[in-house]
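**Q** Order-wise, the sequence lines are chains X and Y. Under the numbering used here, the first residue of the first sequence is numbered 1, with each subsequent residue one higher. Under the numbering used here, the first residue of the second sequence is numbered 227, with each subsequent residue one higher.
There are 2 protein chains.
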Amino acid sequence: MSTREIRIYQDLMGQNEVWARKTRDVIAQKRLFMINLIGAPGSGKTTLVENMVSHLAGTLRFAVLEGDVATTRDAERLDALNVRVSQLLSGGACHLEAKLVHAALIDFALDELDLIIVENVGNMVCPAEFDIGEHAKIAVLSVTEGEDKPLKYPLLFREAKAVVITKLDLLPHLTFDLQACRDNIRKVNAGIPVFEVAAKRNEGIDAWIKWLATQRRAVAESATVT
Amino acid sequence: MSTREIRIYQDLMGQNEVWARKTRDVIAQKRLFMINLIGAPGSGKTTLVENMVSHLAGTLRFAVLEGDVATTRDAERLDALNVRVSQLLSGGACHLEAKLVHAALIDFALDELDLIIVENVGNMVCPAEFDIGEHAKIAVLSVTEGEDKPLKYPLLFREAKAVVITKLDLLPHLTFDLQACRDNIRKVNAGIPVFEVAAKRNEGIDAWIKWLATQRRAVAESATVT
């Protein structure tokens, strides 16, 4: 039997898992809570983060990783609000991979943070399939998209730890059935928390921030115990 | 409501280009014009097709291939309008592949048709990368998604032969800048035709249908010459 060392190369998914685990280790050590916002293009992910800024002040110190296929527009929007933000460009890819997220994450001053917000590429399908080491995928769905989307894109809603329904201020102008949407979400993922916000009117954000603070506290406390 | 049975096709593996070419051959021979509607989840693709039904009557005979990750809801919506429609289920995949489209296409009575409408899986990224043998990819963008999307998802707008901007009836309730959106589309693809519709108010559909009729005529005439 040979004693030569055999080099082993993992496939792309396997390689992704290695970097996701590195990120999980870092955020556990630093007691950070990390979320991965996933939703269609234009579902209101960046506007939600913009609106969270003032609500997070004094509650959670945070940084944002903005994922996009192209442009730095979203990072610029948050930079204008003095948010710690880096732009992740996917190079044409339809989702963020763990290695890129990790590289950007460790360049933040992590000891000064409680929460990492990743905004994935606008896409309800592919980002749900990729582990980036986060604690929680968050499904972001706007009321303009229709109440059937949780059934049509079930993986995202099954993988998510919470759902944020956005743009509730537009409800009077739509035929969107909010209760049917809640029911469809629960058909795919019974018991998942659902937050309903109108970011442009600053409504509904508090409950969502409170949930994040609770999650972060749980992470910090479990890190203290072990 | 119709009681006809809706055909369901599940994903099959194959070499995409080979099947795209087979489809191109079939639609050339049958003098069909074939479009591939691509846009985000909830961008209004199915509503656009629903609204086209009455306008196409007497102008173009058509059939629809409805692409989705899961459910047969969109095919059911069109079946209720007595549209010739089959449902393509991508089996979790984020786009339609050419083999699945071909298998469904050739089961229609093609001699009775002028136009094939494919509605791709709701996703602005991946479907733009796949040739399904169509004449024209059509980008569908709703005003609720923001005027920056052509810059953030440039491949789709570069590959497309036309853009349909939807939900214009919601403009008074949004901060969407329509002229900036047109400018952004032209930055990526100068000279591309842009149609602006409010399908729920039945506005703007005629120009779009007229463009389709012109394209179909060109296909039929070029087939006659050769």
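Glycine included, each C-beta is placed from N, C-alpha and C at the ideal position.
1) Could you tell me the alpha carbon to alpha carbon distance between GLU196(X) and VAL311(Y), rounded to whole angstroms?
2) Short of 7 Å in beta carbon distance, which residues of its chain neighbour GLY14(X), apart from the five on each side in sequence? Order them along the chain.
3) Which same chain residues, not among the five before or five after GLU145(X), have their C-beta less than 8 Å away from its C-beta?
4) Counting only C-beta atoms, is LEU155(X) closer than 8 Å to chain Y at any point?
5) Pick helix, strand or coil for ASP68(X), following the three-state DSSP scheme.
6) List the DSSP bridge partners of ILE165(X).
7) Answer yes or no: does any C-beta atom of chain Y fall closer than 8 Å to that of LYS187(X)?
8) Between which two residues does the beta strand (DSSP E) holding GLN87(X) run?
9) For ARG216(X), name the three-state secondary structure that DSSP assigns.
10) Going by DSSP in three states, ASN262(Y) sits in which element: helix, strand or coil?
11) Distance, Cα to Cα, TRP227(X) vs ASN308(Y)?
12) Can you pull the chain X neighbours of PRO376(Y), defined as C-beta to C-beta under 7 Å?
13) As a quick exercise: from ALA70(X), LEU115(X) and LYS99(X), pick the residue whose alpha carbon is nearest that of LEU251(X).
14) Counting pairs of beta carbons, one from the region 312-330 of chain Y and one from the region 394-404 of chain Y, are three or more of them closer than 8 Å?
15) CB-CB under 6 Å to GLN10(X), same chain, minus the five flanking residues each way: which ones, in chain order?
16) Hey, ALA109(X) and LEU65(X) are a contact pair by Cβ (cut 8 Å); roughly how many whole angstroms apart?
17) Which bits of chain Y does GLY146(X) rub up against, with CB to CB less than 7 Å?
18) Mind pulling the chain Y residues with CB within less than 8 Å of CYS94(X)?
19) Quick check on DSSP: helix, strand or coil for GLN10(X)?
20) Any beta carbon of chain X sitting closer than 8 Å to that of VAL295(Y)?
21) Within the continuous beta strand (DSSP E) that includes LEU115(X), where are the two ends?
22) Is the beta carbon of ASN349(Y) closer than 8 Å to that of ASN120(X)?
23) Determine the burial state of THR440(Y): buried for a count of at least 16 other Cβ atoms within 10 Å of its Cβ, exposed for fewer.
24) Within 8 Å of any Cβ in chain Y, is that where the Cβ of ALA201(X) sits?
**A** On the basis of the coordinates in this document:
1) GLU196(X) and VAL311(Y) have their C-alpha atoms roughly 35 Å apart.
2) Closer than 7 Å at Cβ, skipping near neighbours: no residue.
3) Residues of the same chain with a CB within less than 8 Å of the CB of GLU145(X), apart from the 5 flanking positions on each side, are ALA40 and SER43 in chain order.
4) Nearest CB-CB separation between LEU155(X) and chain Y: below the 8 Å threshold.
5) DSSP places ASP68(X) in strand when its eight states are reduced to three.
6) DSSP output for ILE165(X) lists LEU141(X) and GLU196(X) as bridge partner(s).
7) Taking 8 Å as the threshold, the shortest C-beta distance from LYS187(X) to chain Y does not fall below it.
8) 84-89 is the span of the beta strand (DSSP E), which, as asked, contains GLN87(X).
9) When DSSP states are grouped into helix, strand and coil, ARG216(X) belongs to the helix group.
10) ASN262(Y) carries a strand assignment under DSSP once its states are collapsed to helix, strand and coil.
11) Nothing about residue 227(X) can be reported from this structure: the residues present for chain X run from 1 to 226 only.
12) Within chain X, no C-beta atom comes nearer than 7 Å to that of PRO376(Y); the closest sits roughly 10 Å away.
13) As shown, chain X starts at 1 and ends at 226. That puts residue 251(X) outside it, with no answer to give.
14) Under the 8 Å Cβ criterion, the region 312-330 of chain Y does not count as touching the region 394-404 of chain Y, having fewer than three qualifying pairs.
15) In this prediction, GLN10(X) has a pLDDT of 48, which is less than 50 and means its spatial position is unreliable; nothing more can be read from the coordinates.
16) Actually they do not touch by this definition, with Cβ atoms about 14 Å apart.
17) Near GLY146(X) (Cβ distances below 7 Å), the residues of chain Y are GLY268.
18) Neighbourhood of CYS94(X) in chain Y, by CB distance below 8 Å: CYS320, ASN349, VAL351 and CYS352, in chain order.
19) Low confidence applies to GLN10(X): its pLDDT is 48, below 50, so where it sits in the model is not reliable, and the reading given next is rough at best. Judged by DSSP in its simplified three-state form, GLN10(X) adopts coil rather than helix or strand.
20) At a cut-off of 8 Å between beta carbons, VAL295(Y) contacts chain X.
21) According to the DSSP assignment, LEU115(X) belongs to the beta strand (DSSP E) that extends over 115-119.
22) In this structure, ASN120(X) sits away from ASN349(Y), with a CB-CB distance that is not shorter than 8 Å.
23) Exposed is the call here.
24) Note that residue 201(X) corresponds to Arg in the displayed sequence, not to Ala. Closer than 8 Å: no.
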